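Structure record follows, encoded as structure tokens.
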Amino acid sequence: MAADAPRAAVVEGSYSLFHADAFDWLAAAPVNSIEAVVTDPPYGLIEYTEEQLKKRKSGSGGVWRIPPSFDGHKRSPLPRFTVLKADDHQRLRDFFAKLAAGLIRVMVPGAHLFIATNPLVSYLVYEPLIQAGFEKRGEIIRLVQTLRGGDRPKNAEDEFPMVSVMPRSCWEPWGLFRKPCEGRVHENLRRWKTGGLRRISEKEPFRDVIESSVARNGERKIAPHPSLKPQHFLRQLCRAALPLGEGTILDPFMGSGSTVAAAVACGAKAVGIEANEEYFVMAAKAVGALATHRVNGEG
Ligand SMILES: C[S@@+](CC[C@H](N)C(=O)[O-])C[C@H]1O[C@@H](n2cnc3c(N)ncnc32)[C@H](O)[C@@H]1O
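Per the working numbering, numbering of the sequence shown is gapless, rising by one per residue and ending at 299.
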């Protein structure tokens with residue numbers, strides 16, 4: 001790290017967690033030092049501000065809304081991105097332009113970026129990344145039953161019982177980007193250990209549709225973050241992200257540290273950044289337990 005880089009607050013064997021602003025950390029990190037980025041950013045931007053988190057806690061207005069309950073179960077609030085206005089969209093573009101500039105500097109040539117988004121705003125995330133010089137390499141479709149969309153017109157539900165305003169969302173897009181390679185892919189693999197994606201086996205390539213679910217209760221107990229992503233899914237991304245199984249995976253918006261844990265579970269080195277103190281403390285406790293947590297279909 002450069003001399004003025006934020007200090008690591010937690011350094012364990014193969015991972016470091018920083019309580020810092022992602023942009024400050026990126027500005028201080030050395031050029032060409034990260035082999036992959038797997039991240040789930042605050043893509044509505046406003047949902048993790050102090051004001052919105054207070055509204056979430058008190059249950060009064062704001063971007064966090066309780067989805068309608070159709071089966072008697074209590075729901076957790078979800079951020080609703082339909083409330084974003086034109087100036088929020090511009091802020092979103094500016095945010096991702098700044099992130100793209102910070103990432104492309106620290107990532108090695110050929111390094112991949114997996115970035116979570118949602119069908120409403122993904123174009124606002126992808127364009128700034130491409131403008132900064134990233135190549136779009138595809139999109140990972142995480143098949144997951146969310147509680148977004150599918151509602152009847154508000155205040156006229158009985159009048160239009162057969163109408164939904166939007167489809168019930170059953171997938172989550174993860175943009176897949178690459179910093180351009182130096183020379184051909186095989187040359188880049190030799191020099192930087194990056195440029196491709198790790199196959200599932202010699203016969204089976206990594207695929208872009210992944211069946212998933214919301215994070216299960218066992219993981220939620222370890223890491224009660226409002227946007228917790230499941231280990232089963234993240235481990236597949238982290239494994240694919242390092243084609244030779246060597247290098248460091250960065251999550252600049254680590255929340256509870258789920259990506260760091262997934263990277264550790266795959267045997268990779270990892271760095272996580274989190275600006276919110278409560279979530280940083282959560283991650284410091286959760287990473288070890290999440291990394292060793294047994295998930296469905298894993299031995
Ligand atoms: C969508 S959540 C990530 C949740 C994570 N995937 C998990 O499974 O726990 C985004 C996180 O980014 C953090 N964040 C927002 N702005 C940040 C910034 N400028 N620097 C670092 N972290 C930030 C938020 O506090 C939030 O915890």
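Backbone N, C-alpha and C fix where the C-beta goes; we use that ideal spot for every residue, glycine too.
Small disclaimer: the values here were computed from a predicted structure and weren't measured.
Beta-carbon proximity check, residue i vs residue j, cutoff 8 Å
i    : j    : result
L197 : A263 : no
L113 : V37  : yes
A289 : S256 : no
R105 : V31  : yes
D251 : T49  : no
G150 : D208 : no
S301 : K269 : The chain is shown from 1 up to 299; residue 301 falls before or after that span and cannot be answered.
A111 : K179 : yes
For residue j and residue i, the rounded distance between their alpha carbons
i    : j    : result
A27  : P109 : 18 Å
Q52  : S58  : 10 Å
R91  : M162 : 36 Å
A223 : E159 : 42 Å
V271 : A97  : 22 Å
T248 : A215 : 24 Å
E135 : F177 : 5 Å
F253 : G245 : 22 Å
G102 : S258 : 22 Å
F206 : V287 : 25 Å
G133 : C181 : 11 Å
L99  : P128 : 9 Å
beta-carbon residue i near ligand 1 non-hydrogen atom, thresh 7 Å
i    : result
E274 : yes
A223 : yes
G255 : yes
K98  : no
L120 : no
L228 : yes
Y279 : yes
D208 : no
K252 : Per the sequence presented here, residue 252 reads as Pro, with Lys not at that position. Within the cutoff, so yes.
D21  : yes
Residue burial classification, residue i (beta-carbon count within 10 angstroms, cutoff 16)
i    : result
E274 : buried
K229 : buried
D71  : Bear in mind that the predicted position of D71 carries a pLDDT of just 47, short of 50, making it too unreliable to give a figure here.
T292 : exposed
V125 : buried
I130 : exposed
N188 : buried
A2   : Here A2 scores only 48 on pLDDT, less than 50, and its place in the model should not be relied on; the value that follows carries that caveat. Flag for A2 reads exposed.
K193 : buried
Does the structure place the stretch 132 to 147 close enough to the stretch 163 to 183 that three or more beta carbon pairs sit under 8 Å?
A contact is defined here as three or more CB-CB pairs under 8 Å, and the stretch 163 to 183 meets this definition with respect to the stretch 132 to 147.
Would you call the stretch 180 to 199 in contact with the stretch 216 to 235, where contact means no fewer than 3 C-beta pairs closer than 8 Å?
Cβ pair count under 8 Å is below three, so no.
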